[in-house]
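Residue numbers for the sequence shown follow our numbering, so the first one is 247 and each next one is one higher.
Glycine included, every Cβ here is placed at the ideal spot set by N, Cα and C.
Quick notes on the structure that follows.
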Amino acid sequence: MLDDRELRRQGPSYTVDSLRELRAEHPGVEWTLIIGQDQLSRFDTWRDWPQLLQWVTLAVAGRAGSAPQAPAALGGHPLRMQELPLPEMPVSSTLLRQAVARGEDISPLAGSAVARYIAQHHLYQSAGTEPAPD
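Here you go:
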């Protein structure tokens with residue numbers, strides 16, 4: 247299911263809050279959260295991550311040449327995880343966010359339409375970062 251509640255939410259938006267709402271609206275559904283290997287490596291920094299692990303199966307898009315591995319900080323918590331086999335991509339979401347925050351042109355990495363959308367909606371910009379020119 248794709249859902250835009252996090253886009254509509256005012257202020258910080260946390261996955262655990264969205265999932266809490268979705269579970270109430272759709273009881274009995276088994277949820278899968280799709281994340282990249284870069285997010286798996288820092289999953290223990292997510293708000294209420296132990297609760298998320300109880301509610302979802304993590305589908306992890308790995309990097310070429312390395313299988314996703316849960317960080318040691320998740321040890322002792324039940325973890326349902328499956329690898330998403332995807333073609334090799336020369337870019338990560340973390341790399342894109344960092345480039346946007348530095349004001350760099352990401353169109354070679356993400357394509358013109360995606361770069362334009364991110365710039366028009368001021369996504370991933372640090373405080374004081376000017377939007378990239380159209």
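Contact between residue 337 and residue 356 holds: their C-beta atoms lie close to 7 Å from each other, under 8 Å. Short of 6 Å from the beta carbon of residue 343, and not among the five residues preceding or following it, lie these beta carbons of its own chain, in chain order: 370. Residue pairing by DSSP places residue 266 in no beta bridge whatsoever. Restricted to the stretch 317 to 348, the beta strand (DSSP E) segments that are unbroken, complete and at least 3 residues in length are 327 to 330, listed in chain order. When 328, 284 and 297 are compared, the shortest CA-CA separation from residue 265 is found for 297. Taking all protein chains shown into account, residue 306 has 16 or more neighbouring C-beta atoms within 10 Å of its C-beta and is therefore buried.
In the three-state reduction of the DSSP assignment, residue 313 falls in the coil class.
Annotated as distal: residue 299 and residue 272, with beta-carbon spacing of 8 Å or more. If you draw a 10 Å sphere on the C-beta of residue 366, you find fewer than 16 other C-beta atoms in it, and that means exposed. In the three-state scheme derived from DSSP, where H, G and I count as helix and E and B as strand, residue 298 is classed as helix.
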